[in-house]
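In case it helps, the numbering used here puts the sequence shown at residues 28 to 281.
Glycine included, every Cβ here is placed at the ideal spot set by N, Cα and C.
Please read all numbers here as calculations on a predicted model, not as lab measurements.
Note sheet for the following structure.
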Amino acid sequence: MKEHVTKATARQPLLEVMGINKSFGDLQILKACSLNVHGGETMVIIGPSGSGKSTLLRCINLLEPADDGNIFFEGNDIARELRRATEVRRQIGMVFQNFELFQHLTAIENIMLAPMKVLGMSRSDAHDIAMDLLRKVRIPERADFFADELSGGQQQRVAIARALAMKPKLMLYDEPTSALDPEMIREVLDVMADLSSEGMTSIVVTHEMGFAKRAADQIIFMEDGEVVENAPRDSFFGGAVNERATRFLDQILH
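Right under this line is the structure:
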């Protein structure tokens, strides 16, 4: 078995992305992207559509292979470990824009499935954990509803609970409220903010600046496939240094 490259630091980030590049054909989507996330932190990634935000998350979760660069997770370089992708995803949960629930299963069955199939958990234990998670995302009364009987906000909260059922060390959210009606957005963001306040390490791609101001420790601004600003939340909203980031904030906040 191939040895993993290990990178040790005095205070090692949970995740360290170093110089990731990604192209699709002749189109370069990511250009030498780098970031660090420590345990318990929430990072929010913002930027215009097409700037590479979602592709960056997909590379971290090994849904897309990076062309080059390094992705250190708990000190181990996972960037080229596509054969271990399933194992990595047990520890790095991901919530997508469009829920991706199994329509033929109830809410609780969607949450129970991976712990039973992947972790070998008993049905009884998986049921108990799933109910606890439904309470955490504030919809225990919807346990026996099928996906098409749930609102979009409820479906996304089931998707969050499903990811949490694997007890990940890092959660990735790819514009989790972009497919929701405005009145449903807050209920999802409230759950995500609760998880952040409880210490769940998270990276969130979003256009919801209210959530960023409320829950983020770090803000990343991306444009044209590059990380052009990386700053603590208060510094970023107090006056972004990069001119492109400043223009983006002016457009989205006014």
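Keeping to the same chain, check which residues put their C-beta closer than 8 Å to that of residue i; ignore five residues upstream and five downstream.
| i | result |
| --- | --- |
| residue 167 | 158, 161 |
| residue 182 | 126, 128, 174 |
| residue 154 | 135, 139 |
In chain order, what residues of the same chain lie with their CB nearer than 7 Å to the CB of residue i, ignoring the 5 residues before and after it?
| i | result |
| --- | --- |
| residue 113 | none |
Measuring alpha carbon to alpha carbon, tell me which residue in the options is nearest residue i.
| i | options | result |
| --- | --- | --- |
| residue 141 | 180, 171, 190, 105 | 190 |
| residue 49 | 61, 38, 40 | 61 |
| residue 165 | 146, 150, 186, 145 | 186 |
| residue 51 | 125, 45, 93, 65 | 93 |
| residue 244 | 66, 38, 81 | 66 |
| residue 203 | 225, 234, 226, 221 | 234 |
| residue 39 | 102, 107, 88 | 102 |
| residue 260 | 236, 221, 277 | 236 |
Buried or exposed for residue i, going by 16 or more other Cβ atoms inside 10 Å?
| i | result |
| --- | --- |
| residue 54 | exposed |
| residue 119 | buried |
| residue 274 | exposed |
| residue 144 | exposed |
| residue 184 | buried |
| residue 78 | buried |
| residue 80 | buried |
Could you pull out every residue in the same chain whose Cβ sits closer than 6 Å to the Cβ of residue i, ignoring the five residues on either side in sequence?
| i | result |
| --- | --- |
| residue 123 | 201 |
| residue 253 | 58 |
| residue 32 | Below a pLDDT of 50, predicted positions are generally treated as unreliable, and residue 32, at 45, falls in that range; the measurement from the model is reported next regardless. Closer than 6 Å at the Cβ level, and outside the excluded window around residue 32, lie 104. |
| residue 28 | Here residue 28 scores only 34 on pLDDT, less than 50, and its place in the model is too uncertain to base an answer on. |
I'd like to know whether the C-beta atoms of residue i and residue j end up nearer to each other than 8 Å.
| i | j | result |
| --- | --- | --- |
| residue 3 | residue 179 | The structure shown does not extend to residue 3, since the chain spans only 28 to 281, so no value can be given for it. |
| residue 135 | residue 171 | yes |
| residue 90 | residue 232 | no |
| residue 69 | residue 205 | no |
| residue 250 | residue 74 | yes |
| residue 248 | residue 216 | no |
| residue 163 | residue 188 | yes |
| residue 256 | residue 267 | yes |
| residue 197 | residue 228 | yes |
| residue 64 | residue 42 | yes |
Measuring only from the beta carbon, is residue i closer than 7 Å to any heavy atom that is part of the ligand GTP?
| i | result |
| --- | --- |
| residue 194 | Of ligands this structure carries none, so the ligand GTP is not represented either. |
Can a CB atom of chain B be found closer than 8 Å to the CB of residue i?
| i | result |
| --- | --- |
| residue 280 | Chain labels in this structure do not include chain B; a single protein chain is all it has. |
Just list the alpha helix (DSSP H) runs in the region 112 to 159, keeping only unbroken ones of 4 residues or longer that don't cross its boundaries, in chain order. 112 to 118, 134 to 144
Mind pulling the beta strand (DSSP E) runs of 3 or more residues that sit fully within the region 154 to 218? 197 to 201
Whole alpha helix (DSSP H) elements within the region 64 to 99, 4-residue minimum: 80 to 87
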